[in-house]
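Okay, so here's the structure we're looking at.
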Amino acid sequence: MKIDKKTQLSLAYVVLFVLLVLYVQNSFVSPVQELDYGQFREWVEVGKVQECTITGETIRGVSDEGPFITVRVDPDPGLIEFLRKYGVSFKGEKEHWLTSLLGWLLPILIFFGIWMFMARRMGGGSGGLMSIGKSKAKVYMEKGTGLTFNDVAGIDEAKEELKEVVEFLQTPARFQALGGRIPRGVLLVGPPGTGKTLLAKAVAGEAEVPFFSISGSDFVEMFVGVGAARVRDLFEQAKKHAPAIIFIDELDALGKARGAGSFGGHDEREQTLNQLLTELDGFDTNGGIILMAATNRPEILDPALLRPGRFDRTVTVDRPDVKGREAILNIHAKDAKLAESVSLQKLAVRTPGFAGADLANVINEAALLAARRNKSAITMEELDEAVERTMAGLERKSRVLSEGERRVVAYHEAGHAIVGEVLPHANPVQKISIVSRGAALGYVLHMPTEDRYLKSKDEILDEICMALGGRVAEEIVFEGVTSGAANDLQRATQLAERMVKEFGMSERLGLVSHKEERNQQFLGMGANDRQYSEETAREIDKEIARIMRESKDRAREVLNERRNILDDLVEILFKNEVMDGDELRDLLNRTNGEAEVGKEGAEEAEGKDLNNSSAEAPQEVN
């Protein structure tokens with residue numbers, strides 16, 4: 001059991017307090033010695049007792065050896081005379097009932113006070129341990145979430161599906177009159193950063209109802225049964241404030257399929273999930289409570305969560321298209337001061353695959369760059385650099401490469417760029433750089449000109465060739481290879497593997513899917529469930545190797561035919577460190593034009609020579 005730092009600190013305080021009390025007791029309070037009555041009389045006879053106090057049941061006093069106490073033996077009519085005989089001063093005292101009560105009540109009160117102090121410290125706030133089963137949900141009730149559908153852009157289809165939820169919360173009688181039943185649960189599914197949480201808050205803001213927000217990980221605690229208790233408390237709170245919305249973020253932390261990664265079927269997480277399923281079955285759909293949840297891993301959720309009657313509806317929140325990206329940029333650019341030359345439409349075209357969070361980060365990074373440069377407004381220069389920073393990472397000027405390494409990096413990136421630009425189905429190159437960003441020593445930005453959702457076989461093959469172009473360029477120029485192509489090889493191999501196993505793009509293996517399913521096994525360790533034989537596995541390996549070999553040969557052919565362009569491009573990169581995609585295309589077109597002119601001149605000269613020789617040569621007679 002893992003104890004957090006706050007709990008450890010609380011326990012340390014308690015230990016120090018107990019040690020302090022013991023120290024004070026030992027230092028300033030003399031220990032009281034208990035005597036039997038016979039020993040007390042012996043001490044009196046030998047002169048050890050100086051004074052004593054006689055009560056109804058006890059005799060307390062001071063001796064040469066410190067304080068003492070003894071129980072009286074009743075009756076003892078000669079006690080007074082006995083004390084006088086040996087010169088012991090004495091007095092009588094009547095015991096009060098309050099003194100006896102405090103004698104045993106005070107330690108209990110002290111112990112209870114220490115326990116309450118520990119409970120509050122371990123509980124992390126006002127509730128302490130007494131409220132450990134209470135829900136940690138953040139509630140937006142009086143002022144609402146502060147968000148509406150106007151604050152959400154780029155996911156119009158998802159908004160349309162959720163408008164029905166808003167209408168039900170506002171006018172439930174209209175649906176109930178026709179026998180309609182609103183879905184009990186709405187599951188928002190999509191990649192990270194696409195706006196799932198934002199959309200849920202917007203639904204609550206539009207409906208103007210209480211919004212209970214909690215993360216799936218907040219249900220998991222070190223104490224058994226706490227998660228289930230928090231689920232019950234969360235739904236009880238929502239019922240008191242109905243109509244309301246309950247939103248659980250990162251549902252996969254709570255709703256993972258039962259039996260996956262545990263010794264048995266009754267661990268704490270599964271108990272919490274079972275309680276959630278019970279609450280979903282138990283609350284009335286006409287009561288105005290709607291459960292919303294978000295996840296980016298729907299494939300690992302328990303099937304019981306997704307059946308009708310629980311999470312009835314699944315809303316996909318995907319990455320936006322070019323129009324959606326432009327709308328998102330307009331929202332995030334409201335508070336940003338942009339130059340008149342800035343075109344958010346062009347920026348949206350340059351950012352395919354960016355989610356809403358990525359676009360918000362682009363605007364923010366551009367604003368920070370403009371501020372550091374003491375500019376009065378954000379220009380396209382800052383926006384383009386922010387896009388590069390989001391994609392490739394922060395520029396690392398402190399990383400200084402040797403002359404030989406810079407040349408290797410330059411040829412590597414030039415190989416990528418030329419192969420990618422020459423092949424007809426590859427994405428066009430936007431920028432080439434030998435400036436280090438993130439973990440990369442150099443990079444080539446190549447993006448599609450439009451949003452694409454499908455890839456053909458030719459496009460994938462060209463992408464593999466482009467990935468191998470850097471390594472091939474190193475082999476051609478330096479007659480050797482470096483470790484810089486490790487990531488390229490990984491990406492190319494993955495593409496070839498998916499072609500064979502998933503996409504059925506191998507003529508040798510045919511239209512068969514050999515995709516391996518990932519299963520959760522003992523202690524959470526995953527294992528690939530392979531549904532094919534060893535012979536088929538060997539054929540798959542051979543086919544992947546063939547694709548990689550042929551793609552490498554294509555890349556080598558492209559670069560060998562354009563070796564002079566490769567050298568020219570490297571010299572430009574050495575001088576400027578960066579090159580725009582248009583400059584690369586101009587270089588390729590100019591060189592190809594010169595080559596075509598030279599080729600036509602050579603053919604014309606060859607033709608003249610052939611004509612002259614045929615005219616002058618004697619004809620052979622058979």
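Going by this note's numbering, 125 is the number at position 125 of the sequence shown; the sequence numbering is gapless.
Cβ atoms here follow ideal geometry from the backbone N, Cα and C, with glycine treated the same way.
Can you give me the Cβ contacts of residue i inside the same chain, cut-off strictly under 7 Å, excluding the 5 residues immediately before and after it?
| i | result |
| --- | --- |
| Leu344 | Glu326, Leu329, Asn330 and Ala333 |
| Ala228 | Gln271, Thr272 and Gln275 |
| Lys455 | none |
| Glu463 | Ala426 and Leu495 |
| Asn296 | Gly190, Pro191 and Pro192 |
| Asp318 | Gly190 and Thr194 |
| Val597 | Low confidence applies to Val597: its pLDDT is 41, below 50, so where it sits in the model is not reliable, and the reading given next is rough at best. Nothing listed; no residue qualifies. |
| Gly353 | Arg319 |
| Cys465 | Val419, Leu423, Ser551, Arg554 and Ala555 |
| Ala367 | Ala336 and Ile378 |
Nearest to residue i by CA position, among the options, is which residue?
| i | options | result |
| --- | --- | --- |
| Ile246 | Lys256, Asp233 and Ala253 | Asp233 |
| Lys240 | Phe211, Asp321, Met380 and Tyr453 | Phe211 |
| Glu299 | Ala386, Phe90, Pro191 and Gly195 | Pro191 |
| Gly393 | Val342, Ser341, Val429 and Val362 | Val362 |
| Leu162 | Leu187, Arg508 and Gln176 | Leu187 |
| Ala257 | Ala294, Ser551, Leu306 and Leu291 | Leu306 |
| Leu280 | Glu45, Gly185, Ala486 and Leu338 | Gly185 |
| Val429 | Arg350, Phe503 and Arg498 | Arg350 |
| Leu291 | Ala304, Arg310, Leu199 and Pro303 | Arg310 |
| Leu338 | Cys465, Asp358 and Glu381 | Glu381 |
| Ser551 | Asp488, Glu516, Ile572 and Ile565 | Asp488 |
Find out if the Cβ-Cβ distance for the pair residue i, residue j is shorter than 8 Å.
| i | j | result |
| --- | --- | --- |
| His446 | Gly480 | no |
| Phe149 | Ala202 | yes |
| Glu413 | Ile432 | yes |
| Gly356 | Gly154 | yes |
| Thr197 | Ala294 | yes |
| Ile434 | Arg562 | no |
| Ile378 | Val400 | no |
| Thr493 | Met548 | yes |
| Gln33 | Gly66 | yes |
| Arg530 | Glu516 | yes |
| Arg437 | Ala467 | no |
Leaving out the 5 sequence neighbours to the left and right, which residues in its chain are closer than 6 Å to residue i when beta-carbon positions are compared?
| i | result |
| --- | --- |
| Gln50 | Val62 |
| Ile540 | Val500 |
| Thr70 | Leu35, Tyr37, Phe40 and Ile59 |
| Lys48 | Ser63 and Asp64 |
| Tyr453 | none |
| Tyr86 | Val44 |
Should residue i be labelled buried (16 or more other beta-carbon atoms within 10 Å of its own) or exposed?
| i | result |
| --- | --- |
| Tyr443 | buried |
| Phe574 | exposed |
| Ser402 | exposed |
| Lys346 | exposed |
| Asp543 | A quick correction: the sequence has Glu, not Asp, at residue 543. Looking at its Cβ environment, which holds 16 or more other Cβ atoms inside 10 Å, Glu543 is buried. |
| Ile3 | The predicted position of Ile3 is uncertain, since its pLDDT is 49 and thus under 50; no value can be drawn from it. |
| Leu441 | buried |
| Ala204 | buried |
| Asp302 | buried |
| Ile182 | buried |
| Ala200 | buried |
| Gly255 | buried |
| Leu423 | buried |
| Ile80 | exposed |
| Ile565 | buried |
| Leu461 | buried |
| Glu534 | exposed |
| Val46 | exposed |
| Asp580 | exposed |
| Glu206 | buried |
Assuming residue i and residue j are in contact, meaning their beta carbons sit under 8 Å apart, how far apart are those beta carbons, in whole angstroms?
| i | j | result |
| --- | --- | --- |
| Ile474 | Val408 | Before going further, note that residue 474 is Glu rather than Ile in the sequence given. Right, their Cβ atoms sit about 6 Å apart. |
| His416 | Gly469 | 5 Å |
| Leu169 | Val209 | 5 Å |
| Ala386 | Glu365 | 4 Å |
| Glu57 | Arg72 | 6 Å |
| Val348 | Val322 | Reading the sequence as shown, one finds Ala at residue 348 and not Val. Confirmed, about 5 Å. |
| Phe82 | Val44 | 7 Å |
| Val472 | Ala555 | 5 Å |
| Asp568 | Leu584 | With 8 Å as the limit, Asp568 and Leu584 do not qualify as a contact, their Cβ atoms being about 11 Å apart. |
Looking only at its own chain, which residues have a Cβ that is under 8 Å from the Cβ of residue i, when we skip the five neighbours before and after it?
| i | result |
| --- | --- |
| Ser215 | Ile248, Asp249, Glu250 and Ala253 |
| Val570 | Arg407, Ala410, Tyr411 and Ala414 |
| Leu509 | Val500, Thr536, Glu539, Ile540 and Glu543 |
| Arg313 | Glu161, Pro183, Gly185, Val186 and Leu187 |
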